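Residue numbers are given in UniProt numbering: position 321 of the sequence shown equals residue 321, and the series is strictly consecutive.
Read the structure below first, then the notes.
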Amino acid sequence: MSDSFAARVRADFPVFERRVGGRPIAFFDGPGGSQVPRQVGDAVRDYLLMHNANTHGFFATSEETDAVITRAREAMAAFVNAGSPREIVFGQNMTTLTFALSRALGRGWGEGDEIIVSQLDHQANVAPWRLLAEDRGMTVHVLPFSERTYTLDYDALAGLLSPRTRLVAVGAASNAIGTVNDVARVCAAARDAGALSFVDAVHYAPHRLPDVQAIGCDFLACSAYKFFGPHMGILWGRGEHLEGLTPYKVPPASNAAPDRWETGTSNHEGMAGTAAAVEWIASLAPSAGADLRASLEAAYAAIEEHETARFARLYAGLSAIPGVHIHGPAADGMRTPTAGFVIDGVSPDQAARTLGQQGVFVWNGDFYATTVCDVLGLSDCGGLIRAGVAPYTTDEDVDRLVEGVRALAAS
1 MSDSFAARVR ADFPVFERRV GGRPIAFFDG PGGSQVPRQV GDAVRDYLLM HNANTHGFFA
61 TSEETDAVIT RAREAMAAFV NAGSPREIVF GQNMTTLTFA LSRALGRGWG EGDEIIVSQL
121 DHQANVAPWR LLAEDRGMTV HVLPFSERTY TLDYDALAGL LSPRTRLVAV GAASNAIGTV
181 NDVARVCAAA RDAGALSFVD AVHYAPHRLP DVQAIGCDFL ACSAYKFFGP HMGILWGRGE
241 HLEGLTPYKV PPASNAAPDR WETGTSNHEG MAGTAAAVEW IASLAPSAGA DLRASLEAAY
301 AAIEEHETAR FARLYAGLSA IPGVHIHGPA ADGMRTPTAG FVIDGVSPDQ AARTLGQQGV
361 FVWNGDFYAT TVCDVLGLSD CGGLIRAGVA PYTTDEDVDR LVEGVRALAA S
């Protein structure tokens, strides 16, 4: 796929009119949060200026707010392939939702019960479970990953599962090094052991369309700001769990799911923007599908084709530079288009600062994937430089990044 796809995408993003030092910006910061199309900004603005109200009132703006929430649940239900829009919960972010869920689950767990987390995960899918275990006297086991293949040690999972395992928490993809995990395999093993499964799809969702039915998980969380939306978190949970668990909430709040999980007044404008983001992604499909889910599937196929080609160019370019070391699976392996790498003799923060001054935006650090950097021996030297390919990435962007890294490596 040529850069014509990126050109079509960029037409919807006002930010590409910006310049740094007289040059266009090459955005490789997507793993930390994507840019936002005009349609999403318009949806947020329209809600705030024309429909702003609280819910369940007998007047126009309140009824319109109820409709915005319904539309957002329907959009996210299509996005994750939920059985019902009532299985969609909105919140401040994925981390906050995960903490809330952990506390509700923990009401029924106690001393001697066990949780499994992984070394590849962001701390948002580790800390809530570790802190719950501390509070309840539970044991936490850690599923390791291979420093050679950068993949989870699936064979080790069987030895960690036991009749006391209550939950297995795993990421769909590593936000630091891009590894795509076989979460369906992990969730099946958890289910066979009588345990629940929780999937962090925050880094996965911008690049692959989540499918909770195919994954077979009990819960899945993601963040709209990673897939061209506003700063919102989304939790999907099986209906029986959302109805059967007891979340912490104030007594007057609804006892019906999913409302019982959404404490206080929700971010209605964020919901409007999230629905617009999902619908914008669907608009990238070469032709309209029979429904929103079908259009999303076609759009993601086009996104993956574009990103795979740009990432192959990036991976080859970086790999050819002496002193540059990429961590993560091979470019043709199970990975997202995210490169975590280091440059001999150049700290990640120095590299990110220099590239940023050239209009090439990358991240540096551990990205809250602290265990990944610990295992790879990178925590004491500033972590990684991280560059992520997105639907708006062009060949020119890739070449600018590669040349910038080449100059740093030679300095």
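Think of the CB as a built atom: it goes at the ideal place given N, C-alpha and C, for glycine as much as any other residue.
Since we're looking at a predicted model, the values are computed, not measured.
Residues that DSSP places opposite residue i in a beta bridge
i	result
D200	G171, A221
S118	L143
L235	V89, A221
I385	F341, N364
A272	Its beta-bridge partners do not exist; DSSP assigns none.
L160	DSSP output for L160 lists no bridge partner at all.
R23	V20
R398	At residue 398 the sequence reads Val, which differs from the Arg that was named. For V398, which the question treats as bridged, DSSP gives no partner whatsoever.
V186	DSSP lists no partner for V186.
L152	F145
V180	A173
T165	E114
Whether residue i touches residue j by CB criterion (8 Å)
i	j	result
W129	A188	no
G83	G229	no
L196	D218	yes
P337	R310	yes
R164	G112	yes
W236	I326	no
T393	A7	no
C222	M94	yes
A257	R103	no
G30	A390	yes
E297	L220	no
A330	A312	no
residue 441	G110	Outside the shown range of the chain (1 to 411) lies residue 441, about which nothing can therefore be said.
F13	P24	no
E243	V44	no
G377	K226	no
N125	A369	no
G106	L132	yes
L401	A26	yes
A282	A301	no
T70	T55	no
R260	P247	yes
V375	E147	yes
D395	D3	yes
Identity of the residue in the options nearest residue i by Cα
i	options	result
A11	E262, W280, D218, R148	W280
residue 447	R353, G383, H51, G159	Lying outside 1 to 411, the shown extent of the chain, residue 447 is not represented and no answer is given.
V117	R166, I215, H207, A316	R166
G340	T263, I321, G383	G383
M271	L220, Q213, V360, A224	A224
S266	A53, I25, A6	A53
T149	M334, T394, Q357	M334
G317	G356, G106, D399	D399
L314	T139, F28, V375	F28
S379	A127, D366, V389	D366
L408	D397, G356, G137, T394	G356
S62	H51, T274, F90	H51
P348	T371, G359, V324	V324
A387	D3, R406, W363	W363
V202	E305, R191, V180	V180
L101	D374, D182, I234, T371	I234
G359	F58, S4, V36, R18	R18
D46	T55, V68, F59	V68
N81	S4, V250, S295	S295
T308	D259, H141, G178	G178
P322	G345, L157, A214, G328	G345
T96	A190, H231, V36	H231
P37	A193, I343, L284, H241	L284
S411	V250, I343, F361, L292	I343
F99	S319, F198, E305	F198
E262	A60, R73, G328, E134	R73
V278	H207, G171, G264, L245	H207
Nearest-angstrom Cβ-Cβ length linking residue i and residue j, presumed shorter than 8 Å
i	j	result
Y204	A173	4 Å
D200	H122	6 Å
L161	F145	Not really, about 17 Å apart at Cβ, beyond 8 Å.
A351	I385	5 Å
A127	T274	Actually they are not in contact, since the Cβ atoms of A127 and T274 sit about 25 Å apart, beyond 8 Å.
A214	A184	6 Å
Tell me the start and end of each unbroken alpha helix (DSSP H) in the region 41-114 that is at least 4 residues and wholly inside, in chain order.
60-80, 94-106
Give, in chain order, every unbroken run of the beta strand (DSSP E) that is at least 3 residues long and sits entirely within the region 299-382.
324-327, 338-343, 363-365
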